[in-house]
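These notes are about the structure you will find just below.
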Amino acid sequence: MAPFLLDKLATLLMTASIVLLLVLLLLVLIVWKEHRKYDHIPGPKRRSFLRGNFPEVEEKGKLLSELFLEHALVYGPIFVWWYFFWPIVVISGPELIKHGLVTLNLPKAPSSYDSLAYIFGRHRFLGSGLVTQLNHQKWKSKRNQLNPAFHRSYLKDLVPQFNSIADALISKLSKVADGKTVIKMVDEFQKVTLDVIAKVAFSLDLHCLDDHNCKVHRNLSKCLEGYSESYYQPLLSLSLYKQSYQKTISKSISVLRQCAKECIEQRLLAMEDSKKRPNDILQMILEAFDVNSKNSHAIMEELVDEFLTFFLAGNDFVLKFVSLIFQEVDNVIGGKESVEFFDIAKMQYLGQTLKESLRKHPVVGGIARVTTKAEKFGQYLLPKGAKLHFSIFVSHHLPEFWDNPESFLPERFADNVKPSNFVYLPFSCGPRICIGKVFSAINATIIMARIFQKFKFQLVPGQTVQRDDNLTIFPKDGVLCTVKERISAI
57 MAPFLLDKLA TLLMTASIVL LLVLLLLVLI VWKEHRKYDH IPGPKRRSFL
107 RGNFPEVEEK GKLLSELFLE HALVYGPIFV WWYFFWPIVV ISGPELIKHG
157 LVTLNLPKAP SSYDSLAYIF GRHRFLGSGL VTQLNHQKWK SKRNQLNPAF
207 HRSYLKDLVP QFNSIADALI SKLSKVADGK TVIKMVDEFQ KVTLDVIAKV
257 AFSLDLHCLD DHNCKVHRNL SKCLEGYSES YYQPLLSLSL YKQSYQKTIS
307 KSISVLRQCA KECIEQRLLA MEDSKKRPND ILQMILEAFD VNSKNSHAIM
357 EELVDEFLTF FLAGNDFVLK FVSLIFQEVD NVIGGKESVE FFDIAKMQYL
407 GQTLKESLRK HPVVGGIARV TTKAEKFGQY LLPKGAKLHF SIFVSHHLPE
457 FWDNPESFLP ERFADNVKPS NFVYLPFSCG PRICIGKVFS AINATIIMAR
507 IFQKFKFQLV PGQTVQRDDN LTIFPKDGVL CTVKERISAI
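Quick note on the numbering used here: the sequence shown kicks off at 57 and runs consecutively.
Written as structure tokens, this is what we have:
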């Protein structure tokens, strides 16, 4: 009996070994064929057959966007970079960007948005919201219904609400404006952004600024961390050692989605009771859906997707300002307690500073698209299904389009200087340009003008200029500052 069992086990082991070997050979063949498709495109030498160029991320400790800039300066406006055994064609320069995003209007690359729709491939985060919607017709329908909420004429009436949130930030900073207490400005701007979006888009009072343990801020930060891990480590979901971490992320997602669901349900009840309906983004979202559909669960999930998408779309701006801003704020605002809509256009240098900040430190590194058939870019024919990365970061730092690109020079954006839409594209370009472009500009201008009207900021010494990336790019050290009240020159 024992010899028979040993013989069976040996046979099974031999069979398993052969199957494993065949799988490995098949994988090698697939990767080899993929390499052959892109051999004609320049790019850095692969560090590993299976890991591609990814080892340099670990070795250099830089963001992908920073590495792409290094390679673009060597290989030109189009090159291939291997993310494990998946090729990414990195594209920069105005003509190629216009060709891909406007002329061809290429669709979004599913692999770049799936991790945001479902973190670790199974935890529904943004689902099929406006950002992650891959079906162009469905996206276009949603976008057209929501466009009025982001028109300048509508946003003009929201200026008092922007000022109200600015008042809350000023009140908080006043309590620590002793020139000694260190405050992490990245966190404060993130909380301001959440409060603004909650108030303007959903008529909610979150009070994140007043709550050091705000559950929305805390859980959203955790979800973005999970997204980053999921995106940069695609096999993490299979790791048995990371299951507890994934459960933590899943819990944070559940908290956010439950908060969104409760807010939506309260609004639906108010609509049934014929109570006054706020003219906000949530109302427009609800009117865009058949909320009385028999498939109410699926509709609610989609509503939650849109709710969280707009929360996530609020981007903060952390800037290095110069003394001219103080002078301009004094001249335009003086001693007024709020910023009026017509004041915004007068603060030209502040506007230039915001634009230069978004040039040097764009909120997102690039835009992912995919070819639906073989397409020619420049002198290179790209195969069907090629994943393209139109790099905003690289385009914003190319010396052929920007003098001294690593210097912070707001004067680049003076009235008589207007860069091409395909060289400067912090909000993307083409049909899918960011819907919140004007919203973000008004929000940033009002908040910055108000706090620089009241305070002086001093960076804490010893901080680096390194960047970090959790979906959006932000300063790694958090912009630690001390704050002092200032006396206006008016």
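Heads up, the beta-carbon is just placed ideally off N, CA and C, and yes, glycines get one too. Note that the structure is predicted; figures quoted are calculated from it, not measured.
* To do: Rounded to whole angstroms, what's the CA-CA distance from Asp251 to His263? Just pull it up for me.
  => 6 Å
* Report yes if the CB atom of Phe508 is closer than 8 Å to the CB atom of Val539, and no otherwise. => no
* Could you tell me which residues DSSP puts in a beta bridge with Lys240? => Leu536
* Asked: Closest to Lys247 by CA distance: which of Ser259, Gly235, Lys271 and Val426 is it?
  -> Lys271
* Helix or strand or just coil, what does DSSP make of Tyr174? -> strand
* To do: Indicate whether Asp361 and Gly183 have their beta-carbon atoms separated by less than 8 Å.
  => yes
* **Straight-line gap, Leu190 to Ala369 (C-alpha atoms, nearest Å)** => 17 Å
* To do: For my contact list, Ser9 and Pro111 are in at a C-beta cut-off of 8 Å; report their separation, rounded to the angstrom.
  => Look at the range of the chain in this structure, 57 to 546, and you will see that residue 9 is not part of it.
* With DSSP as the reference, label Ser259 as helix, strand or coil. => coil
* Which residue from Glu285, Leu125 and Asn477 puts its Cα closest to that of Gly177? -> Glu285
* Taking the alpha-carbon positions, what's the Phe258 to Asn269 distance? -> 21 Å
* Buried versus exposed, by CB contacts within 10 Å (16 or more), Lys64 -> exposed
* Give the single residue among Ser496, Leu68, Ala424 and Pro466 whose Cα lies nearest to the Cα of Phe366. => Ser496
* For Ala424, write down the residues that DSSP places opposite it in a beta bridge. => His445
* To do: Assign Pro334 to one of three DSSP states: helix, strand, or coil.
  => coil
* From Tyr288 to Ser168, what does the alpha carbon distance come to, in whole angstroms? -> 11 Å
* Can at least three beta-carbon pairs, one atom from the stretch 158 to 166 and one from the stretch 420 to 431, be found at a separation below 8 Å? -> yes
* Asked: Could one say the Cβ of Met70 lies closer than 8 Å to chain B's Cβ atoms, at least one of them?
  -> The question asks about chain B, but that chain is absent: this structure has only one protein chain.
* **CB-CB length for Pro158 against Cys485, believed under 8 Å** => Residue identity differs from the one stated: residue 158 is Val in this sequence, not Pro. Contact holds; Cβ gap of about 7 Å.
* Asked: In whole angstroms, what is the alpha-carbon distance linking Val311 and Ser330?
  -> 29 Å
* State yes or no: is the C-beta of Trp138 within less than 8 Å of the C-beta of Gly108? => yes
* To do: Could you check the C-alpha separation between Phe449 and Thr409 for me, to the nearest Å?
  => 17 Å
* Where Trp458 falls: helix, strand or coil (DSSP) -> coil
* Return the chain-ordered list of same chain residues with a C-beta closer than 7 Å to the C-beta of Lys532, the five sequence neighbours on each side being excluded. => Thr520, Gln522, Arg523 and Asp524
* To do: Could you pull out every residue in the same chain whose Cβ sits closer than 7 Å to the Cβ of Ile226, ignoring the five residues on either side in sequence?
  => Arg506, Ile507 and Lys510
* Starting from the Cα of Gln217, find the closest Cα among Gln314, Leu68, Asp261 and Lys278 and give me that residue. => Asp261
* Asked: What beta strand (DSSP E) runs, 3 residues minimum, are completely inside the stretch 109 to 185?
  -> 134 to 139 and 142 to 147
* Could you give the DSSP three-state label for Phe530: helix, strand or coil? => strand
* Asked: Apart from the five residues on each side of it in sequence, which residues of its chain come closer than 6 Å, Cβ to Cβ, to Val187?
  -> Thr365
* To do: Would you identify the three-state DSSP class for Asp234, choosing helix, strand or coil?
  => strand
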